[in-house]
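Below: one structure, written as structure tokens.
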Ligand SMILES: [Zn+2]
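Residue numbers (UniProt numbering): 1 to 423.
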């Protein structure tokens with residue numbers, strides 16, 4: 001039996017274990033700021049696997065000077081990033097590798113739309129349901145069990161492998177940036193985002209914006225003399241819808257997204273105002289996520305959208321005088337158009353063919369991932385490839401378990417080839 005067959009056999013043998021591990025991962029409600037228990041659980045797993053395990057707290061001061069940093073509005077105290085290193089024994093014979101996955105998940109609200117407990121990891125047929133199981137705890141389980149299978153098969157790799165679990169992929173990317181700041185680099189990498197057995201070739205950039213509109217509140221009996229901040233916000237929201245049309249259909253499309261109908265989503269994600277049906281609200285706040293193309297600078301897009309909104313405000317007698325307050329926080333993310341001959345692609349393609357008969361597809365995504373830091377600022381070729389699932393960020397998120405098993409094998413084949421087997 002050759003090394004690959006041995007490893008595949010290990011993956012099949014430990015499959016029930018991998019499913020149980022994924023269920024456990026899915027039961028942690030690891031939303032923003034609540035990742036610690038998950039990270040401790042993973043650090044223990046890495047120690048069990050005899051990996052050199054590092055748990056560390058990101059240093060915002062040091063991060064803030066690095067390219068790609070996004071300003072958070074919260075603290076990193078007590079929230080570890082976890083890295084487990086499987087060091088090669090002896091001089092390097094292959095290429096070193098980063099396998100990185102995020103364990104932060106978005107809120108499952110509104111809960112009433114779920115048919116399953118979002119933290120229950122319910123299995124039904126070939127699917128496992130729960131928040132974050134698709135995006136992307138299944139990928140995290142797969143990357144860990146691929147490495148574990150190689151260890152259990154008694155194979156020594158020719159170069160180091162780093163298993164990294166991070167957070168804030170969904171809002172800043174600072175978890176990934178913190179691993180790089182701490183010195184964890186390698187010759188290449190893979191992020192098991194759930195794009196299916198499909199390699200990422202391009203992704204948009206993302207910025208987050210907050211708009212505060214001030215009105216003139218009062219009792220509703222003189223509502224005609226007051227200014228309703230919710231109604232004034234409509235003017236700016238309408239302007240944003242026009243901006244969305246403009247950036248998608250008037251401005252030229254980026255080459256990498258030419259087959260995507262609407263690459264740059266502009267999403268009003270939060271709106272907050274008012275506390276009484278009979279009071280005219282004096283303020284309204286809404287937050288927006290805005291996509292941008294790989295060759296655009298997030299700062300330029302911030303300036304552009306701000307100017308767009310202020311111009312719309314200038315058309316309204318009230319907003320012209322009481323200007324909306326426009327600020328930015330969270331995502332300050334560049335888009336990425338990966339090189340066509342990225343070194344990891346040929347290895348991934350070969351590994352893909354050891355499991356699938358079909359060709360490996362490529363994806364230009366209208367979302368962002370952590371690969372941007374590695375490729376843009378650290379010269380580490382990195383792509384995404386992962387399990388198949390659906391309803392990410394929505395109710396009844398699920399992952400296809402067969403796909404998890406298959407991509408575990410693809411990762412294992414990739415690792416053996418990329419890192420090499422020690423002779
Ligand atoms: Zn994700």
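In this text, a Cβ means the ideal position worked out from N, Cα and C, and glycines have one as well.
Of all alpha-carbon atoms in 319, 186 and 173, the one lying nearest the alpha-carbon of residue 379 is that of 186.
When the Cα atoms are used, residue 213 and residue 302 turn out to be separated by approximately 18 Å. At least one heavy atom of ligand 1 lies closer than 7 Å to the C-beta of residue 136. Scanning 36, 100, 66 and 87 for the CA closest to the CA of residue 78 turns up 36. If you check the C-beta of residue 102 against ligand 1, you find a heavy atom less than 7 Å away. Around the beta carbon of residue 314, fewer than 16 other beta carbons lie within 10 angstroms, which makes this residue exposed. For residue 406, the number of other beta carbons within 10 angstroms of its own is at least 16, and it is reported as buried. Each of 373, 49, 84 and 113 was checked against the Cα of residue 66, and the nearest Cα belongs to 373. Counting only unbroken stretches of 3 or more residues, no beta strand (DSSP E) element lies wholly within the region 3-50. Taking the Cα positions, residue 257 is about 19 Å away from residue 193. Boundaries of the alpha helix (DSSP H) harbouring residue 150: 138-152, taken from the DSSP string. Cβ-Cβ separation between residue 414 and residue 347: approximately 6 Å, consistent with a contact (criterion under 8 Å). Proximity of the beta carbon of residue 169 to ligand 1 is indicated: a heavy atom of the ligand is located closer than 7 Å. Membership of residue 334 in any beta strand (DSSP E) is not indicated, and neither H nor E is assigned to it by DSSP.
Taking the Cα positions, residue 133 is about 20 Å away from residue 199. Distance from the C-beta of residue 340 to the nearest heavy atom of ligand 1 is not below 7 Å.
The region 286-296 makes contact with the region 240-255: 3 or more CB pairs, one atom from each, lie closer than 8 Å. Annotated three-state conformation of residue 69 is coil, per DSSP. Spatial neighbours of residue 89 in its own chain (CB-CB distance under 8 Å, excluding positions within 5 residues in sequence) are listed in chain order as 156 and 422. Rounded to the nearest angstrom, the gap between the Cα atoms of residue 102 and residue 43 is 14 Å. In the DSSP annotation of this structure, the continuous segment of the alpha helix (DSSP H) that includes residue 352 starts and ends at 343-353.
In this structure, 330 is the residue among 330, 51, 170 and 398 with its C-alpha nearest to the C-alpha of residue 64. By the beta-carbon neighbour count (other beta carbons within 10 angstroms, threshold 16), residue 104 is buried.
Segment contact: the region 229-238 against the region 273-284, three or more CB-CB distances shorter than 8 Å; contact assigned. Checking the 7 Å criterion, the Cβ of residue 35 is out of range of every heavy atom belonging to ligand 1. Distances taken from the Cβ of residue 48 to the heavy atoms of ligand 1 include none shorter than 7 Å.
Beta-bridge partners of residue 267 (DSSP): 289.
For residue 402, the enclosing alpha helix (DSSP H) starts and ends at 401-419. The beta carbon of residue 305 is closer than 7 Å to those of 209, 243 and 290 in its chain, skipping five residues each way along the sequence.
Residue 131 counts as buried, since at least 16 other C-beta atoms from the protein chains shown sit within 10 angstroms of its C-beta.
Assigned with DSSP and collapsed to three states, residue 312 falls in helix. Going by C-alpha positions, residue 86 is about 17 Å away from residue 180. Counting along the chain, residue 364 sits inside the beta strand (DSSP E) bounded by residues 361-365.
Inter-segment contact for the region 134-148 and the region 382-390 is present: three or more beta-carbon pairs are separated by less than 8 Å. In summary, residue 91 is exposed, with fewer than 16 beta-carbon neighbours lying within 10 Å of its beta-carbon over all protein chains present.
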